[in-house]
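Undergrad: Respectively, the protein sequence lines represent chains E and W. Sequential numbering from 1 applies to the first sequence in our numbering. Sequential numbering from 359 applies to the second sequence in our numbering.
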Amino acid sequence: MSKKGLGLALSAIMIAMLALTGCGGSKATGESKSVESSETSGESKSEEAKSEESKDSSKLIVVGYAQVGAESDWRTANTESFKTTFVPENGYKLIFNDAQQKQENQIKAIRDFIQQEVDYIVLAPVVETGWDTVLQEAKDAGIPVILSDRMIKTSDDSLYTALVCGNFVKEGETAGQWLEDYLKLKGRNHDESINIVTLQGTIGASAQVGRTDGFGNILSQHPNWKMLAKQTGEFTQSKGQEVMESFLKQFDNIDVVVAENDNMAFGAIDAIKAAGKTCGPNGDITVISFDAVKAAFDAMIAGDLNVSVECNPLHGPRVAEIIQKLEKGETVDKIQYVDETYFDTSMDLEKIKAERAY
Amino acid sequence: MNNINIKKITSAGLFLPILSLILVLIINVIKTPNFFYITVQNGVLYGYIIDVINRASELVILAVGMTLVVASSGGTDISVGAVCALAGAVACFILAGGQVSTDIYRAPYIIAFLAAILVGLLCGSFNAFLVAKMNIQPMVATLILFTAGRGMAQLVTNGQITYIRVDSFKMLGNSIKGIPLPTPVFVAIAVVAVTFVILKKTALGLYIETVGINNKAARLVGLNPVLIQFIAYAFCGLLAGLSGMLVSSRVYSADANNAGLNIELDAILAVALGGNSLGGGRFSLLGSVIGAYTIQALTTTLYAMSVSADQLPVYKAIVVVIIVSLQSKELQRIIRDIRHSKKKVEIAYEK
Numbered sequence: 001m002s003k004k005g006l007g008l009a010l011s012a013i014m015i016a017m018l019a020l021t022g023c024g025g026s027k028a029t030g031e032s033k034s035v036e037s038s039e040t041s042g043e044s045k046s047e048e049a050k051s052e053e054s055k056d057s058s059k060l061i062v063v064g065y066a067q068v069g070a071e072s073d074w075r076t077a078n079t080e081s082f083k084t085t086f087v088p089e090n091g092y093k094l095i096f097n098d099a100q101q102k103q104e105n106q107i108k109a110i111r112d113f114i115q116q117e118v119d120y121i122v123l124a125p126v127v128e129t130g131w132d133t134v135l136q137e138a139k140d141a142g143i144p145v146i147l148s149d150r151m152i153k154t155s156d157d158s159l160y161t162a163l164v165c166g167n168f169v170k171e172g173e174t175a176g177q178w179l180e181d182y183l184k185l186k187g188r189n190h191d192e193s194i195n196i197v198t199l200q201g202t203i204g205a206s207a208q209v210g211r212t213d214g215f216g217n218i219l220s221q222h223p224n225w226k227m228l229a230k231q232t233g234e235f236t237q238s239k240g241q242e243v244m245e246s247f248l249k250q251f252d253n254i255d256v257v258v259a260e261n262d263n264m265a266f267g268a269i270d271a272i273k274a275a276g277k278t279c280g281p282n283g284d285i286t287v288i289s290f291d292a293v294k295a296a297f298d299a300m301i302a303g304d305l306n307v308s309v310e311c312n313p314l315h316g317p318r319v320a321e322i323i324q325k326l327e328k329g330e331t332v333d334k335i336q337y338v339d340e341t342y343f344d345t346s347m348d349l350e351k352i353k354a355e356r357a358y
Numbered sequence: 359m360n361n362i363n364i365k366k367i368t369s370a371g372l373f374l375p376i377l378s379l380i381l382v383l384i385i386n387v388i389k390t391p392n393f394f395y396i397t398v399q400n401g402v403l404y405g406y407i408i409d410v411i412n413r414a415s416e417l418v419i420l421a422v423g424m425t426l427v428v429a430s431s432g433g434t435d436i437s438v439g440a441v442c443a444l445a446g447a448v449a450c451f452i453l454a455g456g457q458v459s460t461d462i463y464r465a466p467y468i469i470a471f472l473a474a475i476l477v478g479l480l481c482g483s484f485n486a487f488l489v490a491k492m493n494i495q496p497m498v499a500t501l502i503l504f505t506a507g508r509g510m511a512q513l514v515t516n517g518q519i520t521y522i523r524v525d526s527f528k529m530l531g532n533s534i535k536g537i538p539l540p541t542p543v544f545v546a547i548a549v550v551a552v553t554f555v556i557l558k559k560t561a562l563g564l565y566i567e568t569v570g571i572n573n574k575a576a577r578l579v580g581l582n583p584v585l586i587q588f589i590a591y592a593f594c595g596l597l598a599g600l601s602g603m604l605v606s607s608r609v610y611s612a613d614a615n616n617a618g619l620n621i622e623l624d625a626i627l628a629v630a631l632g633g634n635s636l637g638g639g640r641f642s643l644l645g646s647v648i649g650a651y652t653i654q655a656l657t658t659t660l661y662a663m664s665v666s667a668d669q670l671p672v673y674k675a676i677v678v679v680i681i682v683s684l685q686s687k688e689l690q691r692i693i694r695d696i697r698h699s700k701k702k703v704e705i706a707y708e709k
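1) Between E/P313 and W/L623, what straight-line distance do the alpha-carbon atoms span, to the nearest angstrom?
2) Given that a residue counts as buried once 16 or more other Cβ atoms are within 10 Å of its Cβ, and exposed if not, what is E/H190?
3) Within the stretch 60-136 of chain E, note down every full alpha helix (DSSP H) run reaching 4 residues or more, in order along the chain.
4) Going residue by residue through the stretch 411-460 of chain W, where are the continuous alpha helix (DSSP H) segments of at least 4 residues, counting only ones entirely within it?
5) Taking only beta carbons into account, state which residues of the stretch 399-424 of chain W come closer than 8 Å to chain E, listed in chain order.
6) Compute the beta-carbon to beta-carbon distance between W/A449 and W/F471, rounded to the nearest angstrom, for a pair I have assumed lies under 8 Å.
7) I'd like to know whether the C-beta of W/G725 is nearer than 8 Å to at least one C-beta of chain E.
8) Verify whether the separation of the beta carbon atoms of W/G478 and W/A445 is less than 8 Å.
9) Is the distance from the Cβ of E/D348 to the Cβ of E/W178 below 8 Å?
10) On the criterion of 16 or more Cβ atoms from any shown chain inside 10 Å, does E/D270 qualify as buried, or is it exposed?
11) Across which residues does DSSP place E/N195 in a beta bridge pair?
12) Pick helix, strand or coil for E/A259, following the three-state DSSP scheme.
13) For E/G240 versus E/G214, is the C-beta spacing smaller than 8 Å?
14) Pairing CB atoms from the stretch 412-420 of chain W with CB atoms from the stretch 682-691 of chain W, are three or more of them under 8 Å?
15) Can you give me the Cβ contacts of E/K139 inside the same chain, cut-off strictly under 8 Å, excluding the 5 residues immediately before and after it?
16) Identify every run of the alpha helix (DSSP H) within the stretch 457-496 of chain W, keeping only runs that are complete inside it and at least 4 residues long; order them along the chain.
17) May I ask you to list the residues that DSSP assigns as paired with E/A424?
18) If you reduce the DSSP assignment to three classes, tell me which class E/T154 lands in.
19) Reducing DSSP to helix, strand and coil, say where E/R356 ends up.
20) Scan the stretch 227-291 of chain E and note each continuous beta strand (DSSP E) run of 3 residues or more that stays entirely inside, going in chain order.
21) E/S193: buried (16+ other C-beta within 10 angstroms of its C-beta) or exposed?
22) Can you tell me which of the three DSSP states E/D344 falls into?
23) Tell whether a beta-carbon distance below 8 Å holds between E/G316 and E/F82.
24) Restricting to runs no shorter than 3 residues, where is the beta strand (DSSP E) found entirely within the stretch 511-571 of chain W?
25) By the criterion of Cβ-Cβ separation under 8 Å, what are the contact partners of W/Y521 in chain E?
26) Looking only at DSSP bridge pairs, what is W/Y404 linked to?
27) Measure the alpha-carbon distance for W/P583 versus W/F554 and round it to whole angstroms.
28) Note down, in chain order, each residue of its chain lying with its Cβ closer than 7 Å to the Cβ of W/F443, except the 5 sequence neighbours on either side.
29) Which partner residues does E/I335 have in the DSSP bridge list?
30) With DSSP as the reference, label W/S664 as helix, strand or coil.
31) Measuring CA to CA, which of W/V427, W/G401, W/S646, W/L636 is closest to W/Q587?
32) By Cβ distance below 8 Å, which residues in the same chain neighbour E/D333 in space, the five residues on each side in sequence not counted?
33) Only counting the same chain, and skipping five residues up and downstream in sequence, which positions put a Cβ closer than 6 Å to that of W/S459?
34) Beta-carbon of E/R356 versus every beta-carbon of chain W: anything under 8 Å?
35) Between the Cα of W/I519 and those of W/I696, W/V629, W/D525, W/V609, spot the shortest distance and give me the residue it belongs to.
36) Distance check for W/V398 and W/K535, CA to CA, integer angstroms please.
Here it is, written out as structure tokens:
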């Protein structure tokens, strides 16, 4: 009996813990609740808007956004960008839906948008496939669909009007060009061989493929740049560190590390220090990374990281631009890239960090 | 008499796992001669072989817990990776006082450490309750925390990576000044030693085997199978909490998505590579430990040999298939049969 009691007590503790962690994450749940409420109020408001529409000609463009979820800072900044762009002052009404990483929620959201007769649907697809049916429904209803962030796989290109995303190949090229300029600035001449190693992302991820290709494009223009090794660090700090440890034992003449995201760069920096070498602008090894998350700014300010190429989540303004063009009856490009830049240690990083939304 | 017999069996049982570890290492002697080269860097020993011992630590700790779980119930605990993440998240949450990044401890380290262990123990007890008391299939029971654990960790950290930028926090996962070996090595050795002593000095090891072989018979001879399975799962959870602390100390942060990702599969593999039956019953703790080092040696070997990233899983799979089939009783029987039939043919020929 006492054991039964023990078991019950333990399960009670587990449940209490679940509840506690639930409290810890109240922000997140609170957010989703407010989203729901804004959605429902959005419904009534859009009806109001319609009744107003019959009264006077001033009409808000209703945009439905089916967002993936709120899994990262990047995603939160992306959502924020839409919420601040599509406001009534700019002539928009945004109906926002958080799918919490589930495709069926997104499909349901799109069907809701169609029923509510929104003017435009924006979709950040959770997965690549399985969209044909629901997008056909949107097409039949005459609602243009704009994809954000990720591409879908479909046999019929006419199912979406445009795709707004980051250009990973361009990011890779930006990194290569930065290195080109940096080496010039450092006065390393053309004949001197530059030894590079790459910490790749999860093999097959679009960010990995694009960034590897992009950097490779610049690499091929420089016969003196030597890619010693490429290995996956699976986008994580600990794997990045593990692989870098191995690289450092294999080659004792590494000049440049290209880490395909910031986390792997942090791991690489630790590995470099543990091997008794130095990195950053004043060190032996130049570290290049991607994403430019907040912690990357800290690493650059600390003088460990040289540069981080941005992956811009602010898609809202570009989507608004597309909608304005469509409103005027103009045609738009199928794929549109957001502007992306880089941040390096020559800039006023403290100021940029404070101003950035993510 | 009996004692000597058991010793004989364990030494024979450990023969194949040790052989496969040596095999992996021999490949290195040929392909990368500097694999065994050790130097001193910043007062810490530095070399591939140190990497293997260091990086395998979490896996060794988890493999110890997994061995007991497998032996006592014939099932696996697939939640250990998620529990790692959760324990690390709770510890970092306490230390950072709910902030995303901190330069000072906002709570005493010992409290965070104990909290992480406690979280592991609670998760383990939850699994134990479902498996031992409610008789739910281990895979299904631990699937709950496998999926929910990372979600809970996300909630604790608010979906962000929580950084603890304090030097003493890094000690557990890196090295302490003046000690030439990385700290995780000692933690792993301590866990193995303590568990080994407990199993050998008490009858617990024997009880676990008994319950694993035949639950009903164990009850009939007066053992309490529920309690023994409970201890195994709770202990496995506790060790997952400890290794969660190691993981987060290594990267001085709690990464709910990636801490201990897929490590449960490696832990199960380590148990299998150690020559243990996943059906439960007789087990060898040291076999699992050797299995864990073999897995890490293999990973490091493939890095050292510059195998390209997209081919990495293929090579790993091939080696694992070879090692596992080397240890399969069926294959050994087939080989014996072939030898026998050859002999028979020879004898017949001579006649």
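C-beta: ideal position from N, C-alpha, C; glycine also. No experiment lies behind these values; they were computed from the predicted model shown.
TA: Reading it off the structure:
1) Along the first sequence, read from residue 1 onward, the residue named residue 313 of chain E stands at position 313. Along the second sequence, read from residue 1 onward, the residue named residue 623 of chain W stands at position 265. Each residue's Cα considered, the two are about 34 Å apart.
2) Residue mapping note: residue 190 of chain E aligns to position 190 of the first sequence, counting from 1. Per the 10 Å Cβ criterion, exposed.
3) 73-85, 103-115
4) 415-431, 438-454
5) Q399, N400, V402, Y404, G405, Y406, D409, R413
6) Taking the first residue of the second sequence as 1, we reach residue 449 of chain W at position 91. Taking the first residue of the second sequence as 1, we reach residue 471 of chain W at position 113. Between W/F471 and W/A449 the Cβ distance is about 7 Å, and since that is below 8 Å, they are a contact.
7) There is simply no residue 725 of chain W to check, as chain W begins at 359 and stops at 709 in what is shown.
8) Reading the second sequence from its first residue, position 120 is the one you call residue 478 of chain W. Reading the second sequence from its first residue, position 87 is the one you call residue 445 of chain W. Cβ atoms of W/G478 and W/A445: closer than 8 Å.
9) The residue given as residue 348 of chain E occupies position 348 in the first sequence. The residue given as residue 178 of chain E occupies position 178 in the first sequence. No, the Cβ-Cβ distance between E/D348 and E/W178 is not below 8 Å.
10) Indexing the first sequence from 1 puts residue 270 of chain E at position 270. So E/D270 counts as buried.
11) For the purposes of this step, residue 195 of chain E is taken as residue 195 along the first sequence, with counting starting at 1. E/K226, per the DSSP bridge assignment.
12) To locate residue 259 of chain E, count along the first sequence from 1; it is residue 259. The answer is strand: DSSP assigns E/A259 an E or B state.
13) As a position in the first sequence, residue 240 of chain E is number 240, starting the count at 1. As a position in the first sequence, residue 214 of chain E is number 214, starting the count at 1. No, the Cβ-Cβ distance between E/G240 and E/G214 is not below 8 Å.
14) no
15) Position 139 of the first sequence, counted from the first residue, corresponds to residue 139 of chain E. Here the set comprises V145, S158, L159.
16) 467-486
17) With chain E covering 1 to 358 only, the question about residue 424 of chain E has no answer from this structure.
18) Position 154 of the first sequence, counting from 1, holds the residue named residue 154 of chain E. Coil.
19) The sequence position of residue 356 of chain E within the first sequence is 356, counting from 1. Coil, per DSSP.
20) 256-259, 286-291
21) For the purposes of this step, residue 193 of chain E is taken as residue 193 along the first sequence, with counting starting at 1. E/S193 should be labelled exposed.
22) For the purposes of this step, residue 344 of chain E is identified with residue 344 of the first sequence, where counting begins at 1. Reduced to three states, the DSSP call for E/D344 is strand.
23) Taking the first sequence and counting its residues from 1, one reaches residue 316 of chain E at position 316. Taking the first sequence and counting its residues from 1, one reaches residue 82 of chain E at position 82. Going by C-beta atoms, E/G316 is nearer than 8 Å to E/F82.
24) 520-522
25) Position 163 of the second sequence, counted from the first residue, corresponds to residue 521 of chain W. Result: A295.
26) For the purposes of this step, residue 404 of chain W is taken as residue 46 along the second sequence, with counting starting at 1. W/T397, per the DSSP bridge assignment.
27) Residue numbering aside, residue 583 of chain W sits at position 225 when the second sequence is read from its first letter. Residue numbering aside, residue 554 of chain W sits at position 196 when the second sequence is read from its first letter. If you take the alpha carbons of W/P583 and W/F554, they lie about 21 Å apart.
28) Here residue 443 of chain W is taken as the residue at index 85 of the second sequence, counted from 1. Position check: residue 443 of chain W holds Ala in this sequence, whereas Phe was assumed. Closer than 7 Å at Cβ, skipping near neighbours: G507, R508, A511, G602, A614, A617, G618.
29) Counting from 1 along the first sequence, the entry for residue 335 of chain E is found at position 335. E/I335 is bridged to E/L163.
30) Taking the first residue of the second sequence as 1, we reach residue 664 of chain W at position 306. Reduced to three states, the DSSP call for W/S664 is coil.
31) For this step, residue 587 of chain W is matched to residue 229 along the second sequence. Answer by Cα proximity: W/V427.
32) In the first sequence, counting from the first residue as 1, residue 333 of chain E sits at position 333. The residues are A162.
33) Taking the first residue of the second sequence as 1, we reach residue 459 of chain W at position 101. Cβ within range, chain order: Y521.
34) The sequence position of residue 356 of chain E within the first sequence is 356, counting from 1. With 8 Å as the cut-off, E/R356 does not count as an interface residue toward chain W.
35) By 1-based counting over the second sequence, the position of residue 519 of chain W is 161. Ranking W/I696, W/V629, W/D525, W/V609 by Cα distance to W/I519 puts W/V609 first.
36) Position 177 of the second sequence, counting from 1, holds the residue named residue 535 of chain W. Position 40 of the second sequence, counting from 1, holds the residue named residue 398 of chain W. Near 13 Å, if we compare the C-alpha coordinates of W/V398 and W/K535.
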